[in-house]
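Engineer: Input: one structure, supplied below.
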Amino acid sequence: AVPQIAAMLQQTLLPFSVETEGRGYRPMREIMLETLEQIEARGQAAFEGKMLGVPTGYPEIDEHTNGFRDGEFVSIFAGPKQGKTAFTLAIAIHNSLNGQGCGFVCAEMTRHALAERCLNAVGKIRTVETSRGLFTADNWKRVVETGGLVAGANNFFVDDEAFPELGDVIARALHLKSQHPRLKLLVVDYLQLVTHRM
Numbered sequence: 060a061v062p063q064i065a066a067m068l069q070q071t072l073l074p075f076s077v078e079t080e081g082r083g084y085r086p087m088r089e090i091m092l093e094t095l096e097q098i099e100a101r102g103q104a105a106f107e108g109k110m111l112g113v114p115t116g117y118p119e120i121d122e123h124t125n126g127f128r129d130g131e132f133v134s135i136f137a138g139p140k141q142g143k144t145a146f147t148l149a150i151a152i153h154n155s156l157n158g159q160g161c162g163f164v165c166a167e168m169t170r171h172a173l174a175e176r177c178l179n180a181v182g183k184i185r186t187v188e189t190s191r192g193l194f195t196a197d198n199w200k201r202v203v204e205t206g207g208l209v210a211g212a213n214n215f216f217v218d219d220e221a222f223p224e225l226g227d228v229i230a231r232a233l234h235l236k237s238q239h240p241r242l243k244l245l246v247v248d249y250l251q252l253v254t255h256r257m
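Mapping of the sequence shown onto my numbering: position 43 corresponds to residue 102, and the numbering continues sequentially without gaps.
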């Protein structure tokens, strides 16, 4: 299924990239000069202790990747119930709380369930507590403060209605990017649930 999804994405996204660039084929000499400039900029940023890519919040990954690069398509694979959503949500939260922001397209859960998982992750609140809704006064204060922290970043956008059609996912992502040009990360959870009409 994965090769078919990759081929489907390539076929669907290619027209968007061509329209955006408006240039088609380009000589390797131009591309190589731009690439060398990018590598030099990465080296300068690393020397200054900065990261040019989108950080994951996981030091071991960021050390090897220098963050996700602009325009990069990153696939995260694992078996069922192995923590793919938790992992990608942690990256999304990290980018939101550090000012870069993100979009999150989710098919497996509602936007409110995703928000609840944010509360649990950021506030270190047990899932059983938020599931039951029963808290001590101190714990309820922590829940509200955590919710305020996540909401206060005002740069985390969730869409739980774009599935299962790839065209909807793309159109909504482009619309979000046009409204918030500084966003650099879009998480789609998860690709095997996306369909595409030929």
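Every residue, glycine too, gets a C-beta built ideally from N, C-alpha and C.
For Ser76, which residues of its own chain have a beta-carbon under 6 Å away from its beta-carbon, when the five flanking residues on both sides are left out?
Structural biologist: The count along the sequence shown starts at 1 and reaches residue 76 at position 17. For Ser76, the predicted structure reports a pLDDT of 49, less than 50, and the residue's modelled location is therefore unreliable. The matter cannot be settled from this model.
Engineer: Looking at Val261: is its Cβ nearer than 8 Å to the Cβ of Leu225?
Structural biologist: Given a span of 60 to 257 for the chain in the structure shown, any question on residue 261 remains unanswerable.
Engineer: Would you kindly work out how many angstroms separate the C-alpha atoms of Thr186 and Glu175, rounded to a whole number?
Structural biologist: As a working mapping, residue 186 is identified with position 127 in the sequence shown. As a working mapping, residue 175 is identified with position 116 in the sequence shown. Each residue's alpha carbon lies about 8 Å from the other.
Engineer: Just to confirm, are Val209 and Phe215 a CB contact at a threshold of 8 Å?
Structural biologist: Looking up residue 209 in the sequence shown gives position 150. Looking up residue 215 in the sequence shown gives position 156. Result yes, Cβ atoms of Val209 and Phe215 sit closer than 8 Å.
Engineer: Can you look up Asp129 in the DSSP assignment and give me helix, strand or coil?
Structural biologist: Here residue 129 refers to the residue found at position 70 when the sequence shown is read from its first residue. Coil.
Engineer: How long is the line joining the alpha carbons of Asp218 and Phe163, rounded to whole angstroms?
Structural biologist: Residue 218 sits at position 159 when you count from the first residue of the sequence shown. Residue 163 sits at position 104 when you count from the first residue of the sequence shown. Going by the C-alpha atoms only, they are around 6 Å apart.
Engineer: Using a Cβ distance threshold of 8 Å, determine whether the region 98–118 contacts the region 151–161, with at least three qualifying pairs required.
Structural biologist: The region 98–118 vs the region 151–161: in contact.
Engineer: Could you tell me the distance, in whole angstroms, from the CA atom of Gly130 to the CA atom of His123?
Structural biologist: Against the sequence shown, residue 130 aligns to sequence position 71. Against the sequence shown, residue 123 aligns to sequence position 64. Roughly 18 Å between the two C-alpha positions.
Engineer: Measuring alpha carbon to alpha carbon, tell me which residue in Leu95, Leu233, Gly207 and Glu167 is nearest Lys140.
Structural biologist: One-based indexing of the sequence shown puts residue 140 at position 81. Among Leu95, Leu233, Gly207 and Glu167, the Cα nearest to that of Lys140 belongs to Glu167.
Engineer: At which residues does the alpha helix (DSSP H) containing Gly182 begin and terminate?
Structural biologist: Residue mapping note: residue 182 aligns to position 123 of the sequence shown, counting from 1. Gly182 -> alpha helix (DSSP H) spans Arg170 to Gly182.
Engineer: Label Thr195 either buried or exposed according to how many other C-beta atoms from any shown protein chain fall within 10 Å of its C-beta, with 16 as the threshold for buried.
Structural biologist: Translated into positions along the sequence shown, residue 195 becomes position 136. With fewer than 16 other Cβ atoms within 10 Å, it is exposed.
Engineer: Enumerate in chain order the residues of its own chain whose CB-to-CB distance from Leu242 is below 8 Å, with the five nearest sequence positions on each side excluded.
Structural biologist: Within the sequence shown, the letter at position 183 stands for residue 242. Same-chain partners within the cutoff: Gln159, Gly160, Cys161, Gly162, Asn214, Phe216, Leu235 and Lys236.
Engineer: Quick one: is the Cβ of Asn125 within less than 7 Å of any heavy atom of the ligand NAP?
Structural biologist: Looking at this structure, you won't find the ligand NAP or any other ligand, since it has none at all.
Engineer: If you reduce the DSSP assignment to three classes, tell me which class Asp227 lands in.
Structural biologist: One-based indexing of the sequence shown puts residue 227 at position 168. Helix, per DSSP.
Engineer: Are the C-beta atoms of Arg170 and some chain C residue less than 8 Å apart?
Structural biologist: Absence of chain C from the displayed structure is noted, only one protein chain being present.
Engineer: Please classify Asp219: does DSSP put it in a helix, a strand, or coil?
Structural biologist: Here the question's residue 219 lines up with position 160 in the sequence shown. Asp219: coil per DSSP, three-state reduction.
Engineer: For the beta strand (DSSP E) that Val247 lies in, which residues bound it at each end?
Structural biologist: In the sequence shown, the residue the question calls residue 247 occupies position 188. Leu245 to Asp248 is the extent of the beta strand (DSSP E) around Val247.
Engineer: Have a look at Val181, Leu148, Glu188 and Gly182 and flag the residue whose alpha-carbon is nearest the alpha-carbon of Glu170.
Structural biologist: On the sequence shown, residue 170 is found 111 positions in, with the first residue counted as 1. Residue identity check: residue 170 is Arg in the sequence provided, not Glu. Comparing Cα-Cα distances from Arg170 to each of Val181, Leu148, Glu188 and Gly182, the minimum goes to Leu148.
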